[in-house]
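Reading through the structure tokens given below for one structure.
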Amino acid sequence: MRPNLSRRLLLLHTSWLSMATFFSKDVFSQSNVDSYSQKHLKNLNLKSEGITIEIPPLADTGNSIPMSIQIQPTSSAKVQSFEIIAPENPNQMVLRVTLPNPQKKLKMATRIRLALSQDVWVVAKLDDGTSIAQSANCVVTLNACFDAT
Amino acid sequence: METGYRLGEGGNDRIPKNIIENIVIKLNQQVLMNADLGTGIAANPLLSIFVEVPKDGGMISVEWRDDLGKQGRAEKMLLAI
Numbered sequence: 003m004r005p006n007l008s009r010r011l012l013l014l015h016t017s018w019l020s021m022a023t024f025f026s027k028d029v030f031s032q033s034n035v036d037s038y039s040q041k042h043l044k045n046l047n048l049k050s051e052g053i054t055i056e057i058p059p060l061a062d063t064g065n066s067i068p069m070s071i072q073i074q075p076t077s078s079a080k081v082q083s084f085e086i087i088a089p090e091n092p093n094q095m096v097l098r099v100t101l102p103n104p105q106k107k108l109k110m111a112t113r114i115r116l117a118l119s120q121d122v123w124v125v126a127k128l129d130d131g132t133s134i135a136q137s138a139n140c141v142v143t144l145n146a147c148f149d150a151t
Numbered sequence: 006m007e008t009g010y011r012l013g014e015g016g017n018d019r020i021p022k023n024i025i026e027n028i029v030i031k032l033n034q035q036v037l038m039n040a041d042l043g044t045g046i047a048a049n050p051l052l053s054i055f056v057e058v059p060k061d062g063g064m065i066s067v068e069w070r071d072d073l074g075k076q077g078r079a080e081k082m083l084l085a086i
């Protein structure tokens, strides 16, 4: 028996497959990346008081850039967690720290990798439900992704 | 630490990602800090923190876990003078 299936019918019947793929949840699961974009972080308009970022304004290589952070909220709130975000990196989330016992003052240092010259963001969540954010620019003359070290 | 973006010697194959994913710092068995690390941390990672030592001192421990499931742990006694 010859199947009664023309090319047009085949396309019609299989079109739901491409539509289903397009609208599937997995396609949109990448949207959390947008929450780390420079534009999104700027649009949040979070207060910057209480966060100090020390990062060299010019780095010869993006492979290892020393960075130190001090978070001391001006209100009575305590620091519950914070994130270091590099919006132009392939993986924007650099470091996420959570403190089971919120602290009034937090000071820490680390070394980060930057793919491009960019603003590095620190977004801290406080125990009163508010967030504060601060950014610092770092110009990288040799980026971390194309260097073989 | 390997980011997963680096190419091998031939320039063809990517070196698989291998990074420390999680570090937990405990003081006297109480979690002080839980850190999730991304590929944006330097290949030779450094996390420097300030800890308030209790009057009686205490045991500080650092536990790490990488994306291959390897784990490590180090601890040191803190003395308050």
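Chains as they are written, first to last, in the numbering used here: chain E, 3 to 151; chain S, 6 to 86.
All residues carry an ideal CB built from backbone N, CA and C; glycine is no exception.
In the DSSP assignment, E:LYS44 falls within the alpha helix (DSSP H) that extends over 40-45. Within chain E, the residues whose beta carbon sits less than 7 Å from that of S:GLY45 are ALA88, ASN91, ASN93, VAL96, ILE114, ARG115, listed in sequence order.
E:ALA126 and E:SER137 do not touch by the CB rule: their CB atoms are close to 12 Å apart, not below 8 Å. Setting aside the 5 residues that flank it on each side, S:LEU83 is surrounded in the same chain by VAL58, GLY62, GLY63, ILE65, each with a C-beta closer than 6 Å to its C-beta; the list follows chain order. The DSSP-derived three-state label of S:ARG11 is coil. Going by beta carbons, E:ASN65 and S:ALA40 fall outside the 8 Å limit. Contact note: E:PRO75 does not reach chain S at a C-beta cutoff of 7 Å; the least C-beta distance is about 16 Å. Per DSSP, E:PHE84 is one residue of the beta strand (DSSP E) stretching across 81-87.
One alpha carbon belongs to E:GLN120, the other to E:ALA88, and they sit about 7 Å apart. Collapsing the DSSP output to three states places E:ARG10 in a helix. Interface flag for E:ASN145 against chain S is unset, since no Cβ pair is found closer than 8 Å. The Cβ atoms of S:ILE46 and E:VAL96 sit closer than 8 Å to each other. Straight-line spacing of the CA atoms in E:ASP129 and S:GLY16 works out to 48 Å. Your pair E:VAL124 and E:ILE71 checks out as a contact, with CB atoms roughly 6 Å apart and the cut at 8 Å. Measuring C-alpha to C-alpha distances from S:MET38 to each of S:VAL67, S:LYS81, S:LYS60, S:GLY77 identifies S:VAL67 as the nearest. Of the residues assessed, E:GLU51 falls on the exposed side of the cut-off, its CB having fewer than 16 other CB atoms within 10 angstroms. For S:ALA48, no beta strand (DSSP E) encloses it, and the DSSP letter there is neither H nor E.
E:ALA79 and S:GLU14 have their C-alpha atoms some 51 Å from each other.
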